[in-house]
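Student: The number in the working numbering is simply the position in the sequence shown, starting from 1, with 1 added.
Even for Gly, the Cβ is constructed at its ideal location relative to N, Cα and C.
As the structure is a computational prediction, the values presented were derived from the model and not from experiment.
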Amino acid sequence: MAQNDPVHLRGPLLLRRDRGGDRTTTDQRLLDKNQDTDWLHTDPWRVLRIQSEFVNGFGALAELSDAVSVFGSARTRPGDPAYEQAVELGRALAEAGYAVVTGGGPGQMEAANKGAWEANGESVGLGIELPMEQGINRWVDLGLHFRYFFVRKTMFVKYTQAFVCTPGGFGTLDEFFEAITLVQTDKITRFPIVLLGVDFWAPLVEWIRGTLVEQGMVSASDLDLFLVTDSVDEAVQYIRRAHHQAALTAEQREDLFGEEHRGVER
2 MAQNDPVHLR
12 GPLLLRRDRG
22 GDRTTTDQRL
32 LDKNQDTDWL
42 HTDPWRVLRI
52 QSEFVNGFGA
62 LAELSDAVSV
72 FGSARTRPGD
82 PAYEQAVELG
92 RALAEAGYAV
102 VTGGGPGQME
112 AANKGAWEAN
122 GESVGLGIEL
132 PMEQGINRWV
142 DLGLHFRYFF
152 VRKTMFVKYT
162 QAFVCTPGGF
172 GTLDEFFEAI
182 TLVQTDKITR
192 FPIVLLGVDF
202 WAPLVEWIRG
212 TLVEQGMVSA
222 SDLDLFLVTD
232 SVDEAVQYIR
242 RAHHQAALTA
252 EQREDLFGEE
262 HRGVER
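#1: Buried or exposed: S232, going by 16 or more other Cβ atoms within 10 Å of its Cβ?
#2: Quick check on L15: buried or exposed, where buried means 16 or more other Cβ atoms within 10 Å of its Cβ?
#3: Answer yes if the stretch 75–86 comes into contact with the stretch 47–63, meaning at least three C-beta pairs across the two stretches below 8 Å, and no otherwise.
#4: Using only CA atoms, which one of W208, T155 and P168 lies nearest to I189?
#5: Report yes if the C-beta distance between V71 and E119 is below 9 Å; otherwise report no.
#6: In angstroms with no decimal places, state the Cα-to-Cα distance between G105 and H146.
#7: When the Cα atoms are used, what is the spatial distance from E179 to T38?
#8: Count Cβ pairs between the stretch 137–145 and the stretch 98–115 that sit closer than 8 Å; are there 3 or more?
#9: Buried or exposed, going by whether 16 or more other CB atoms sit within 10 Å of the CB of K115?
#10: For Y149, which of I51, W46 and D44 has the nearest alpha-carbon?
#11: Please return the same chain residues whose Cβ sits closer than 8 Å to the Cβ of N121, not counting the five positions on each side in sequence.
#12: What is the DSSP secondary structure of A247, counted as helix, strand or coil?
#13: What do you get for S220, buried or exposed, if any count of 16 or more other CB atoms within 10 angstroms of its CB means buried?
#14: Which residue wins for smallest C-alpha separation from D200, given the options D187, G169 and A97?
#15: Taking only the alpha-carbon atoms, compute the straight-line gap between I181 and R210 and give it to the nearest angstrom.
#16: Candidates G172, E130, G126 and E235: which alpha carbon is nearest T161's?
#17: How is V141 classed by DSSP in three states: helix, strand or coil?
#18: Whole angstroms is fine: what's the gap from R78's alpha carbon to N35's?
#19: Can you name the start and end residues of the beta strand (DSSP E) that L228 belongs to?
#20: Rounded to a whole number of angstroms, what is the C-alpha to C-alpha distance between W202 and D33?
#21: Per DSSP, what are the beta-bridge partners of S124 in this structure?
#22: Are the beta-carbon atoms of L197 and A236 separated by less than 9 Å?
#23: Using CA atoms only, rank isn't needed, just tell me which of V206, D225 and I194 is closest to A68.
#24: Considering F164, what are the terminal residues of the alpha helix (DSSP H) in which it resides?
#25: Would R76 and P107 be called neighbours here (beta carbons separated by less than 9 Å)?
#26: Per DSSP, L196 is paired with what?
#27: Taking the straight line between their C-alpha atoms, what separation do you get for V165 and T186?
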């Protein structure tokens, strides 16, 4: 490439040789009232939106007290046993000193927020933009709305110290499997993961044991990464015990999550 080739600077880019196309400057495009707005939908602009979502989330949640994420179906209604148990769970977590963080929607998310709110605890909702817009339920004290699932997921993992999955659909399964994947691969420090509702979760656990473990896809010890229980009290105590023992050695922490906490009886 010849040293005397024409040079064109476009922001941080240095472009040699005449490439044609738009020769306007960034300032010209910024200050032009009649500019084409298609650029708002390009990937570079989306990166800025993504960045702004991270900044907003980090800023809003930075001073959140110890918190627990509660996941579950958006389709249950008051009076459903799963809904009422989620209310009980939210209340118990708040009484134990935890903020309750949900996806901010209806169903069991709403129920957990309601329980926390009624117990005068911190009730947080991290909503998501969906085609069937749901908004943030009325039991949320602090609500954030996200465009991007992966930004929202980061907030759940970064700012809560335990996951509780109540009966739910694909979204709940997604959060559960992401959590155990992050823990199994040592991407994050191990934290309590609870599946609340033995009858609902037992078939999944049996499939993991009977198919994944039997075929060598996962280790038998991976079943120790989560607790399956019907008891809200047991779930909360499991979480509290893990946090109280967080300063112990790795070997002692393994004892904490020992045989008696392995979920479904083998």
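Tutor: Taking the structure as given:
#1: exposed
#2: Legend: pLDDT at L15 = 47, less than 50; position of this residue unreliable, value from coordinates given subsequently. Exposed, by the Cβ-count rule.
#3: no
#4: T155
#5: no
#6: 9 Å
#7: 37 Å
#8: yes
#9: buried
#10: I51
#11: A95
#12: coil
#13: exposed
#14: G169
#15: 15 Å
#16: G126
#17: coil
#18: 49 Å
#19: L228 to T230
#20: 58 Å
#21: V101
#22: yes
#23: I194
#24: From DSSP, F164 is part of no alpha helix (DSSP H) but of the beta strand (DSSP E) over F164 to C166.
#25: yes
#26: C166 and V229
#27: 20 Å
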